[in-house]
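Read the structure below first, then the notes.
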Amino acid sequence: MVYPGKSTKSYDTPKHPWQAARMASEVELVKKYGLRNKRELWKSHSVLRRFRADARRLLAESAEADLTGHAKTEADQILAKLIRYSILKSDSSIDDILGLQTEAILERRLQTQVHRLGLARTARQARQFITHGHISIDGKRVTVPGMMVTKEQEMTIDYYGKSPISKEAHPERPAQIASSLVEE
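So the sequence shown is numbered by full-length UniProt numbering: it starts at 1 and just counts up by one.
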């Protein structure tokens with residue numbers, strides 16, 4: 001048992017420390033998503049690993065008999081969570097969880113969503129805007145780049161109202177966003 005005041009690791013490191021192919025793919029993902037270090041990648045991989053382990057366990061239980069009672073409720077809750085975060089489509093089943101990749105989790109991070117929405121030029125700039133308090137969700141300032149964003153929250157991502165970047169003429173603001181606001 002862990003001491004309650006002590007934080008524990010929320011990720012698992014790779015089993016083998018030196019595998020050239022794995023390390024190369026990790027570097028590509030770190031660059032693509034603007035992650036600070038590989039630990040952030042390992043965290044998202046561990047989140048996915050837990051979902052997949054639960055799905056395998058539930059599929060094994062359903063192989064013995066149909067999902068009933070607690071197992072059916074748990075399967076529905078897992079699917080509802082993944083659908084709420086738009087990781088899976090609404091008509092997905094437990095089998096679809098096994099086909100997920102780490103990129104599906106990384107795509108739902110706030111940092112990636114800010115970049116995809118065009119509020120920042122690069123993923124690194126999106127991270128900087130978030131940590132400096134220039135981004136808000138539903139009007140509330142958010143400073144955690146790794147926050148998982150739901151479908152509903154995605155629609156409300158914008159610049160924080162009191163941020164200097166919220167002004168159209170700010171030089172760090174991406175051109176297409178500034179021009180679209182001027183046209184409105």
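The beta carbon of each residue, even a glycine, is placed where N, CA and C say it ideally should be.
Local conformation of residue i per DSSP, three classes
| i | result |
| --- | --- |
| M147 | coil |
| S86 | coil |
| K140 | strand |
| R109 | strand |
| R173 | coil |
| E61 | helix |
| Q153 | helix |
| K81 | helix |
| P4 | coil |
| S166 | helix |
| A91 | A small fix is needed here, since residue 91 is Asp in this sequence, not Ala. Residue state, collapsed to three classes: coil. |
| D76 | helix |
| T102 | helix |
| A120 | coil |
Endpoints, the alpha helix (DSSP H) within which residue i is located
| i | result |
| --- | --- |
| D96 | 94–97 |
| R127 | 123–131 |
CB contact below 8 Å: residue i versus chain C
| i | result |
| --- | --- |
| A175 | Within the model displayed, chain C is absent; a lone protein chain is all it includes. |
The beta strand (DSSP E) enclosing residue i, as first and last residue numbers
| i | result |
| --- | --- |
| I157 | 157–159 |
Bridge-paired residues (DSSP) for residue i
| i | result |
| --- | --- |
| I135 | Y159 |
(message) Going residue by residue through the segment 12–57, where are the continuous beta strand (DSSP E) segments of at least 3 residues, counting only ones entirely within it?
(response) none
(message) I want to know whether the segment 91–110 touches the segment 51–64 - three or more CB-CB distances under 8 Å.
(response) yes
(request) Would you check if the segment 28–37 and the segment 65–85 touch, i.e. whether three or more CB-CB distances between them fall below 8 Å? (result) no
(message) Between the segment 151–163 and the segment 121–137, can you find at least three pairs of beta-carbon atoms closer than 8 Å?
(response) yes
(request) Give a yes or no on contact between the segment 115–134 and the segment 77–96, applying the rule of three or more CB pairs nearer than 8 Å. (result) no
(message) Check whether the segment 37–51 and the segment 103–111 are in contact - that is, three or more C-beta pairs closer than 8 Å.
(response) yes
(message) Pairs of beta-carbons, one from the segment 15–31 and one from the segment 115–122, closer than 8 Å: are there three or more?
(response) no
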